[in-house]
Amino acid sequence: MIFLLVYVAVLFLHAWLTARRSPDRDTYFVNGRRSSANLVALSIVASCVGGSATMGMAGLAWQVGTPAIWWLMSGSLGLILLSIFLARKVRGSGAMTMPEMLTTFLGAPSRALASVIIVTAWLAILAAQFSALATIIAPLADIDKNVAMFVGAIVLVGHTLAGGQASVMKTDLWQFSILLLSLMVALMLTLHLGGGQAFATVKLEIFNEQFPISKLRYFLLILGGSYVVCPMLFGRLLTARNEQAARRGGLMAAAGLTLTAALIVALGISCRDLVPVGTPPEQVLTTTLLAHLPSWAATLILLGIFSAIFSAADSCLLTAASVCSNDILRRPGVMTCRLCLIFLGVMGLILALPGKGILSLLLMANDIYVCGVVPPVFVGMLLHNKAHFHPWGMAIAILGGGLLGLTAALTGVSNWSFAGLIFSLVMSLASARRLPLPAQKEAMASADPGI
Numbered sequence: 232m233i234f235l236l237v238y239v240a241v242l243f244l245h246a247w248l249t250a251r252r253s254p255d256r257d258t259y260f261v262n263g264r265r266s267s268a269n270l271v272a273l274s275i276v277a278s279c280v281g282g283s284a285t286m287g288m289a290g291l292a293w294q295v296g297t298p299a300i301w302w303l304m305s306g307s308l309g310l311i312l313l314s315i316f317l318a319r320k321v322r323g324s325g326a327m328t329m330p331e332m333l334t335t336f337l338g339a340p341s342r343a344l345a346s347v348i349i350v351t352a353w354l355a356i357l358a359a360q361f362s363a364l365a366t367i368i369a370p371l372a373d374i375d376k377n378v379a380m381f382v383g384a385i386v387l388v389g390h391t392l393a394g395g396q397a398s399v400m401k402t403d404l405w406q407f408s409i410l411l412l413s414l415m416v417a418l419m420l421t422l423h424l425g426g427g428q429a430f431a432t433v434k435l436e437i438f439n440e441q442f443p444i445s446k447l448r449y450f451l452l453i454l455g456g457s458y459v460v461c462p463m464l465f466g467r468l469l470t471a472r473n474e475q476a477a478r479r480g481g482l483m484a485a486a487g488l489t490l491t492a493a494l495i496v497a498l499g500i501s502c503r504d505l506v507p508v509g510t511p512p513e514q515v516l517t518t519t520l521l522a523h524l525p526s527w528a529a530t531l532i533l534l535g536i537f538s539a540i541f542s543a544a545d546s547c548l549l550t551a552a553s554v555c556s557n558d559i560l561r562r563p564g565v566m567t568c569r570l571c572l573i574f575l576g577v578m579g580l581i582l583a584l585p586g587k588g589i590l591s592l593l594l595m596a597n598d599i600y601v602c603g604v605v606p607p608v609f610v611g612m613l614l615h616n617k618a619h620f621h622p623w624g625m626a627i628a629i630l631g632g633g634l635l636g637l638t639a640a641l642t643g644v645s646n647w648s649f650a651g652l653i654f655s656l657v658m659s660l661a662s663a664r665r666l667p668l669p670a671q672k673e674a675m676a677s678a679d680p681g682i
C-alpha cells in the first residue's frame, strides 16, 4: 500500500509540474514534434504492453503454451508493415490525429465516420484497462475491486489531463523500466519455485489443439491489423522529429515487442505448476504472486504490471480524447481535449463496472475498428498520388466493415469479422480510379517540391 501511494504521488507530482508550464496545442497533442527514434520506439512498446500483454497474454500462455506469443507477435508484424509503408506518410502529413489526415487520403466523409468508430472502439479498450488496473490495485490496497477501479480511473484521468502527450511519453520510460524489471524477477522466482518443470513438456508450436489455426488467422488479421493502422501508433509517429525518426522508431518498436512477448509467454508457462486448474486466465499472474512469492517480490511485480497497464491506458485515453476534440467536435484546443478526457474517462469506467473480461472487451474493440477502418485507410494511404478515391465509396467501406465487425463482436462468430475485412477491402479498391501518369507526377511534385 505504501509503495502504491508513493507511486501515485510521483505521478501526480509529475502531472502538477507539467500543468504549471501550460502546454500549448502542439505539445499537448504531439509532444511538440521533437521525439527521437528511441523515444518513439520506447513509447510505442510501453503503450502496447498493457493489460492484455501482461495478465491477458500470460494467462493465455498458461492455457495454450507458446502459440500465445501471437498476441504481440501479430502486432510486431503489423508494426513492421506500418513502419515500411506508411510511417513516412504519417509523419509527413503534419496532422494532429489520424482521422485528420483522412480528408486528404480518403475524402472528407471518412474523417467523421472513422472518428466515431475510433472513439467507440477505444472506449472498450479503455474499459479493459480500467478492469486490469482494478485487478492490481485491489490486492495491493486490500479494497473492493469496484472501488479499486474507481481509484484507478481518477489517477489515470488526473495524470493524463495535465500534460497530454508530453506527459505521457515522459513517464513511459521509467514505467516500462519497472515493468521489465518486474517481469524478469517474476520469471526467476517462478522458475526457482519449480515452474521450470513446466518447460519440459512444452513444445515450440505455432498453433495447437488449444490454439487452432483459425484462431491464429484471427490474431494475425484482427489483432495484427490493429497495429498497421492505429490512431494511437499514428499519434506516436506524429511526435517524431522527422520522417526518418518515425520509420526507425516503428521498426525498433517491433523488435522490442517481440522480445517482450517472449518474456511474458515464458512467465505464463512457468506458472503452470504453481497455479491451480480452473483459475481464470486473467488472474494467473496475481494468483501466483499472492500465493507463492514473498511480499516484497509480489509488491514489486504487481507495481510493474500496474506500470504496464497505466502506460497503455493513458495513451488509450489521450488518443480517444484527441480524436473527439480534433475530429468530432472540430475544436482542437487543450481545454476541449481535457473536457473530452474527463467525459471519456467516466464513460470508460461505466463500461468497465459490469465486470466483462479484459479479453472480451479488447476483442470487441478490435472487431469494430479493424474491420471498418484498417483496410480503407491502408489502401488509401498506400495508393495516394497513384489513384483517386470516391469519397462516399470509402465512407461506405468504413461503415459497412464496422457494422460487420460489430456483428462479430455481438454474436461471437468470427466469420463476420472476416466478412467485414473483405467488404471494406473490396469496397475500397472499387472506389479507386487510377490517375493518368502525368497526374501522378503532378501530385507527387506537389506533395514533395524536390521531385
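Count the sequence shown with the numbering used here and you get residues 232 to 682, in order. C-beta: ideal position from N, C-alpha, C; glycine also.
ask   = In the stretch 271-356, which residue ranges form an unbroken alpha helix (DSSP H) of at least 4 residues, counting only runs that do not cross its ends?
value = 288-295, 301-312, 318-324 and 329-336
key: Supposed contact pair Gly-296 and Val-433 - C-beta distance, whole angstroms, cut 8 Å   = Walking along the sequence shown from the start, residue 433 turns up at place 202. Walking along the sequence shown from the start, residue 296 turns up at place 65. Yes, Val-433 and Gly-296 are in contact; Cβ-Cβ is about 5 Å, under 8 Å.
task = State buried or exposed for Phe-450, treating a residue as buried only when at least 16 other CB atoms are found within 10 Å of its CB.
result = As a working note, residue 450 is residue 219 in the sequence shown. Phe-450 comes out buried.
task = Just the C-alpha distance for Ile-495 and Pro-462, rounded to the nearest angstrom, thanks.
result = Here residue 495 corresponds to residue number 264 of the sequence shown, with the count starting at 1. Here residue 462 corresponds to residue number 231 of the sequence shown, with the count starting at 1. Taking the straight line from one Cα to the other gives about 25 Å.
task = Enumerate in chain order the residues of its own chain whose CB-to-CB distance from Asp-679 is below 7 Å, with the five nearest sequence positions on each side excluded.
result = The residue labelled residue 679 in the question sits at position 448 within the sequence shown. Annotation note: pLDDT 47 at Asp-679 (below 50); position unreliable, coordinate value reported separately. No residues qualify anywhere along the chain.
Separation of Gln-294 from Met-288, as counted between CA atoms = On the sequence shown, residue 288 is found 57 positions in, with the first residue counted as 1. On the sequence shown, residue 294 is found 63 positions in, with the first residue counted as 1. Going from the Cα of Met-288 to the Cα of Gln-294 covers about 10 Å.
query = From Thr-351 to Ser-542, what distance separates their C-alpha atoms?
reply = Working through the sequence shown from its first residue, we reach residue 351 at position 120. Working through the sequence shown from its first residue, we reach residue 542 at position 311. Cα to Cα, Thr-351 sits roughly 20 Å from Ser-542.
ask   = Around the C-beta of Val-460, are 16 or more other C-beta atoms found within 10 angstroms, so that it is buried, or is it exposed?
value = As a position in the sequence shown, residue 460 is number 229, starting the count at 1. Under this definition Val-460 is a buried residue.
ask   = In its own chain, which residues sit with a C-beta less than 7 Å from the C-beta of Ile-599, not counting the 5 before and 5 after it?
value = Translated into the one-based positions of the sequence shown, residue 599 becomes position 368. Cβ within range, chain order: Ile-348, Thr-351, Ala-352, Gly-633, Gly-636, Leu-637 and Ala-640.
query = Measuring CA to CA, which of Ser-662, Trp-623 and Ser-526 is closest to Val-342?
reply = Taking the first residue of the sequence shown as position 1, residue 342 is located at position 111. According to the sequence as given, residue 342 is Arg; it is not Val. When each option's Cα is compared against that of Arg-342, the closest is Trp-623.
key: From Pro-511, Ser-362 and Pro-525, residue whose alpha carbon lies closest to that of Val-378   = Within the sequence shown, the letter at position 147 stands for residue 378. If we check each option's Cα against that of Val-378, Ser-362 comes out closest.
Cβ neighbour criterion (16 or more within 10 Å) applied to Thr-328 = Residue mapping note: residue 328 aligns to position 97 of the sequence shown, counting from 1. Buried, since its Cβ has 16 or more Cβ neighbours within 10 Å.
ask   = So, is Leu-248 buried or exposed, given that buried needs 16 or more other C-beta atoms within 10 angstroms?
value = Indexing the sequence shown from 1 puts residue 248 at position 17. With fewer than 16 other Cβ atoms from the protein chains shown falling within 10 Å of its own Cβ, Leu-248 counts as exposed.
task = Assign Ala-663 to one of three DSSP states: helix, strand, or coil.
result = Numbered from its first residue, the sequence shown carries residue 663 at position 432. Strand.
query = Do three or more CB pairs link the stretch 647-657 to the stretch 598-612 at distances below 8 Å?
reply = yes
inquiry  = I'd like the list of long-range same chain contacts for Phe-695, defined as Cβ closer than 7 Å, with 5 residues on each side in sequence excluded.
reply    = The structure shown does not extend to residue 695, since the chain is modelled only from 232 through 682, so no value can be given for it.
task = For Ala-485, I'd like the list of residues in its chain whose CB is within less than 6 Å of its CB, leaving aside the five on either flank, ordered along the chain.
result = Residue mapping note: residue 485 aligns to position 254 of the sequence shown, counting from 1. These residues qualify, in order along the chain: Ser-307, Leu-310 and Ile-311.
ask   = Gly-681: buried (16+ other C-beta within 10 angstroms of its C-beta) or exposed?
value = For the purposes of this step, residue 681 is taken as the residue at position 450 of the sequence shown. Its pLDDT being 33, under 50, Gly-681 is placed unreliably by the model, and the measurement read from it follows with that caveat. Exposed: under 16 other Cβ atoms inside 10 Å.
message = Under DSSP, the alpha helix (DSSP H) around Ala-484 begins and ends at which residues?
response = Mapped onto the sequence shown, residue 484 falls at position 253. Element bounds for Ala-484: 474-501.
task = Report the residue from Pro-606, Ser-553 and Ser-314 whose alpha carbon sits nearest the alpha carbon of Leu-392.
result = Position 161 of the sequence shown holds residue 392. Looking only at Pro-606, Ser-553 and Ser-314, the smallest Cα-Cα distance to Leu-392 is reached by Ser-553.
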